[in-house]
Amino acid sequence: MIKGVIFDFDGLIVDTETTWYEAFKEVFYESHQINIDLLGYSQCIGTGNDVLYNYFRELAGETVNCEMLEKHAAIRYETMMKAPILREGVKDYLDEAKQNNLKIALASSSSKSWVHKYLTQLNIMEYFEVINTQDDVSNIKPDPELYLKTLIDLGLSREETIVFEDSLNGLSAAKQAGIRCVIVPNNVTKHLKFENFDERIKSMGEISLSELLKRVEQR
């Protein structure tokens, strides 16, 4: 029986990923006259900047200034993301999980300050019993450490838990941790070839949490 739910953050709760893609796409073209391929970029989602930087070097050569690109992209990002909104159905899932006495956690490869900023802005911090970020582990996704630590902090087994993810790296981390995973892709990741997931939905507005968990447990 599922007793706990673990959510990723970027791209799942708030679609920061699409905004970052648009910001990077603009500054990369302006500085190098090269279009960032959506499929190539989306492979870098859900893990650390080193993967993204390697992708940029593949596109523009070893001399590309990745830190400067990110700095300029961040300015564009902040302009585009002045008023963050929850993805469809997220608040409903949080409310339903709380009403059903499920333990709720968040496991993100982003920094704690980044995650806390948005959770506070969106007024949903109180839902999460456990919040683990890159600041709490040695290895981020696709390594399973974030999810393994979150299981321990929740006091639940992998069989009692389910993960919600939007990226290949997140899915890989969840499955390596032995946890069932539901994929909820965003506009940047919906084209990826996801495999070995337990369920896939377009958004959390598509089906209630109770119905989804029932479907997963019946598999």
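Offset between the sequence shown (1-based) and the numbering used here: plus 805.
Even glycine gets a Cβ: it sits at the ideal position worked out from N, Cα and C.
All values derive from a computational prediction rather than experimental measurement.
Report back the beta-carbon spacing between residue i and residue j to the nearest angstrom; my notes put them in contact at under 8 Å.
i, j, result
"ALA878", "ALA828", "4 Å"
"ASN974", "ILE850", "7 Å"
"PHE969", "VAL989", "6 Å"
"LEU951", "SER914", "7 Å"
"THR852", "PRO947", "6 Å"
Counting along the chain, where does the beta strand (DSSP E) carrying residue i start and finish?
i, result
"LEU911", "908-912"
"GLY967", "Note that residue 967 is Ile in the sequence shown here, rather than Gly. Per DSSP, ILE967 belongs to the beta strand (DSSP E) from 966-970."
"ARG985", "985-988"
"PHE933", "Where PHE933 is concerned, there is no enclosing beta strand (DSSP E), given that its DSSP letter is neither H nor E."
"PHE812", "809-812"
For residue i, tell me which candidate among the options has the shortest Cα-Cα distance.
i, options, result
"THR994", "VAL869, SER847 and TRP919", "SER847"
"TYR898", "HIS996, GLY809, ASN991 and LYS998", "GLY809"
"CYS871", "ILE880, TYR882 and ASN854", "ASN854"
"ALA979", "ILE945, GLY1010 and TYR858", "ILE945"
"LEU857", "GLU1000, TRP825 and GLU835", "TRP825"
"LEU864", "GLN838, GLN926, GLN939 and GLU931", "GLN838"
"VAL935", "PRO949, ALA910, SER943 and THR925", "ALA910"
"SER1013", "TYR860, LYS896 and GLU883", "LYS896"
"ASP820", "ARG963, SER836, GLU1011 and TYR882", "TYR882"
"GLN939", "GLU1016, PRO949 and LEU997", "PRO949"
Can you give me the start and stop residues for the alpha helix (DSSP H) that residue i sits inside?
i, result
"CYS871", "871-885"
"VAL895", "895-904"
"ILE793", "Any answer about residue 793 is impossible in this case: the structure gives the chain only from 806 up to 1024."
"PHE999", "Unbroken run through PHE999: none, as it is neither H nor E."
"GLY845", "843-847"
"VAL819", "Segment: none, VAL819 is in no alpha helix (DSSP H) and carries neither H nor E."
"GLY1010", "That residue, GLY1010, is in no alpha helix (DSSP H); it is neither H nor E in DSSP."
"ASP855", "854-865"
"THR925", "917-926"
"GLN981", "973-981"
Below 9 Å between beta carbons: does that hold for residue i and residue j?
i, j, result
"ASP971", "GLU831", "no"
"ILE807", "VAL1021", "yes"
"LYS908", "GLY960", "yes"
"GLY923", "ILE1006", "Residue identity differs from the one stated: residue 923 is Tyr in this sequence, not Gly. The answer is no: Cβ separation not under 9 Å."
"SER1008", "GLY894", "yes"
"ASN928", "GLY816", "no"
"ARG1024", "GLU1000", "no"
"LEU787", "PHE833", "The chain is shown from 806 up to 1024; residue 787 falls before or after that span and cannot be answered."
"ILE967", "LEU1018", "yes"
Practice task
Mind the definition here: the region 881-889 touches the region 897-907 only if three or more C-beta pairs lie below 8 Å; say whether that holds.
Solution key: Touching, no, given that fewer than three Cβ pairs across the two stretches are closer than 8 Å.
Handout entry: the region 947-959 in contact with the region 979-994 per 3-pair CB rule at 8 Å
Key = yes
Practice task
Determine, using beta-carbon pairs with one atom in the region 907-921 and one in the region 832-844, whether at least three such pairs fall under 8 Å.
Solution key: Too few Cβ pairs lie closer than 8 Å, so no.
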